[in-house]
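Following this note's numbering, the numbering of the sequence shown begins with 1 at its first residue and continues without gaps.
Report on the following structure.
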Amino acid sequence: MKKLLLLFLLVYKSVLFGQTKLTSFPLDLKKTDENIQILNAENKPHDVFVFASSSQNITILKYNSALFLTDQFTFPKTLNKLLIGYSFGEDGNPYLYWASEDFKNIIAVKYSLENKSVKMLKFDFPLTPQYIVTSFQENNEFYILSKYEDQQVLIVYTFKNGIVEKKEFDFSSFDFQNTNGQLMTFNKIVDENPIEKIDTGDFTPLEKSTQKSKIYFKNNHLILTLDYNTKKTHVFDLDLDNHAIKEKNYMQPLIDKSKNLSNSYLLDNKLYQINANKYVIVVEIKDYDSGQILKSVNTLKNDTINFKNSPLFLLSDNRKPVEIKKTSDFLNRLSFLNIGLSAFKNSQNTFITIGGSPKEEEYYISFGNVNLSQMYNTQSVYFESVVNNKFEFIQEPQLPFAIDNIYYFLSLQKKASFPNIFKFQDYYILGYYDYADKQYVMRKFYDGLMPNENTNPIINKAVFSKPIPFGEIKRR
């Protein structure tokens with residue numbers, strides 16, 4: 001999936017505001033090495049790890065919760081070259097998962113830093129035709145979701161403590177109908193709308209939140225939300241303890257006109273839904289358990305969107321954002337895009353980004369000599385809103401988040417390579433490799449304005465994507 005990594009640089013003063021440099025470690029990586037992968041991770045005792053992989057070996061750095069280096073070692077690399085994930089054993093030592101090029105097998109390697117030893121376990125996928133849907137880390141465990149070619153079954157592989165658990169969830173007994181009432185299969189829905197894992201603890205960019213199939217991890221449950229039908233959000237609760245599936249339907253707010261676009265986002269037991277077309281936009285917040293509507297707002301094309309906390313923005317290629325003056329223009333552009341919204345919460349308010357990201361397929365709807373739909377396909381539109389704890393849309397000045405400050409720093413530091421961003425305690429850490437100084441650096445960032453800086457010109461969370469430190473999971 002094409003990553004939307006746009007950093008819009010408005011040149012103010014050149015201020016190096018990397019906040020606190022926590023640590024650095026000398027590391028000799030070659031620019032000519034095409035197999036470099038670097039990953040940060042935190043285990044349950046709150047040790048921080050750096051996994052730096054090259055063509056020949058893997059270097060592991062271990063820091064305690066105060067970010068002091070407590071151990072490090074370099075191990076030979078396995079035959080499998082692609083690092084796809086990690087987990088931690090009960091003793092706090094890491095497992096890294098290395099996949100073959102065809103993803104037919106995975107080698108799980110446990111690295112014991114105390115005695116500088118490794119233990120390898122090989123996992124071969126069954127011969128039954130299946131393909132990987134997605135993978136993710138959660139609670140110090142590594143998960144792979146896959147699907148059979150000819151069965152309506154979602155398979156969950158859980159890797160922990162050197163053991164692989166397989167659980168199957170059968171969707172063949174459930175009914176799926178598209179907006180026009182035509183029957184569909186679970187496989188067809190997931191094939192057309194690949195599942196995106198959402199981590200609500202981090203800001204989710206529109207590129208991810210506009211995906212119509214999302215999965216959330218909650219209390220050893222997988223919550224799968226499907227927005228293939230513009231009339232409703234179809235939800236499945238997958239219990240990883242007893243293999244049970246619970247089905248829920250949340251109707252989208254009704255809109256009179258046709259050719260609607262809809263999507264949803266789940267955060268803190270609240271389902272945020274959006275439904276829009278060229279004439280109107282509607283946003284609703286529902287209680288996930290009861291389905292009760294907690295808030296509903298809408299705006300017609302000739303009116304002002306009074307629940308926004310920012311201008312309406314247009315993003316095109318690598319240029320800086322441009323303000324869209326009219327609601328009608330915004331909705332018209334939105335109709336050519338993948339619609340979505342994301343929500344991010346702090347202690348007081350919920351920050352919502354609403355808009356659309358480019359579609360991957362090509363369109364050919366021309367007016368005169370201008371192909372408008374193809375032009376819109378290279379653009380994104382969005383605006384931001386703020387909701388308080390009473391579910392009221394409010395207006396307030398928005399200070400940059402830590403993630404904003406990190407990307408502003410990266411925009412000024414061109415020598416920073418292989419960036420990793422992760423939340424630690426009450427702040428964020430940026431880890432990156434510095435080719436000039438040949439060292440791996442970790443810096444601390446927090447929310448708010450930087451010292452000696454009245455404004456951060458990059459407050460554009462709609463386009464931020466968390467860097468992927470390991471290879472893309474191979475899809476069918």
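C-beta atoms are modelled at their ideal positions from N, C-alpha and C, and glycine is treated no differently.
Item	Value
Sort out for me which residues DSSP pairs residue 189 with in a bridge.	Bridge partners of residue 189: none, in fact.
Terminal residues of the continuous beta strand (DSSP E) containing residue 350?	350–357
Let me make sure I understand the geometry here. Which of 68, 304, 260 has the alpha-carbon closest to that of residue 383?	304
List the residues that DSSP assigns as beta-bridge partners of residue 58.	53, 75
Would you tell me roughly how many angstroms separate the C-alpha atoms of residue 420 and residue 264, rounded to the nearest one?	27 Å
Is residue 305 helix, strand or coil by DSSP?	coil
Opposite residue 46 in the DSSP bridges: which residues?	Residue 46 is not bridged to any residue.
Run through DSSP, which three-state label would residue 515 get?	For the chain, the structure presents residues 1 to 476; residue 515 sits outside this window and is missing.
What would DSSP say about residue 380, mapped onto helix, strand or coil?	strand
Measure from the alpha carbon of residue 69 to the alpha carbon of each residue in 49, 80, 258, then state which is nearest.	49
By a C-beta neighbour count over all protein chains shown, 10 Å radius and 16 as the cutoff for buried, is residue 20 buried or exposed?	exposed
What ranges does the beta strand (DSSP E) occupy inside the segment 144–190, keeping only unbroken runs of at least 3 residues that lie completely in it?	153–160, 163–170
Please return the same chain residues whose Cβ sits closer than 6 Å to the Cβ of residue 88, not counting the five positions on each side in sequence.	43, 94, 140
Helix or strand or just coil, what does DSSP make of residue 333?	helix
For a quick check, are the C-beta atoms of residue 72 and residue 58 less than 8 Å apart?	no
Along the chain, where does the beta strand (DSSP E) that runs through residue 22 open and close?	20–26
Taking the alpha-carbon positions, what's the residue 129 to residue 149 distance?	6 Å
Can you say whether residue 243 is buried or exposed, counting buried as having 16 or more other CB atoms within 10 angstroms of its CB?	exposed
Restricting to runs no shorter than 3 residues, where is the beta strand (DSSP E) found entirely within the segment 389–431?	416–424
Identify, in the order they occur along the chain, each residue of the same chain with its Cβ nearer than 8 Å to the Cβ of residue 119, setting aside the five sequence neighbours on each side.	109, 110, 112, 162
Alpha carbons only, please: which of 298, 356, 415, 426 is nearest the one belonging to residue 393?	298
Do residue 107 and residue 80 have their beta-carbon atoms positioned less than 8 Å apart in this structure?	yes
What does a CB cutoff of less than 6 Å around residue 195 pick up in its chain, not counting 5 residues either side in sequence?	133, 134, 213, 215
Pick out whichever of 449, 311, 237, 136 has its Cα sitting closest to the Cα of residue 289.	237
Measure the alpha-carbon distance for residue 308 versus residue 273 and round it to whole angstroms.	16 Å
Could you check whether residue 91 and residue 65 sit closer than 8 Å to each other, using their CB atoms as the reference points?	no
Check whether the Cβ atoms of residue 285 and residue 391 sit closer than 8 Å, and answer yes or no.	yes
Count the CB pairs spanning the segment 223–240 and the segment 172–192 that are closer than 8 Å, and state whether there are at least three.	yes
Measure the alpha-carbon distance for residue 217 versus residue 199 and round it to whole angstroms.	8 Å
For residue 260, count the other beta carbons within 10 Å of its own beta carbon; 16 or more makes it buried, fewer makes it exposed. Which is it?	buried
In or out: residue 96 buried (at least 16 other Cβ within 10 Å) or exposed?	buried
Below 6 Å CB to CB, which residues in the same chain sit around residue 312 once its five sequence neighbours on both sides are set aside?	324, 330, 383
Tell me, which residues are paired with residue 109 by DSSP?	96, 120
Taking all protein chains shown into account, do 16 or more other C-beta atoms lie within 10 angstroms of the C-beta of residue 402, making it buried, or fewer, making it exposed?	buried
Which residue from 355, 388, 24, 432 puts its Cα closest to that of residue 36?	432
Since residue 202 and residue 423 should fall inside the 8 Å C-beta cutoff, what is the C-beta to C-beta distance between them, to a whole number of angstroms?	7 Å
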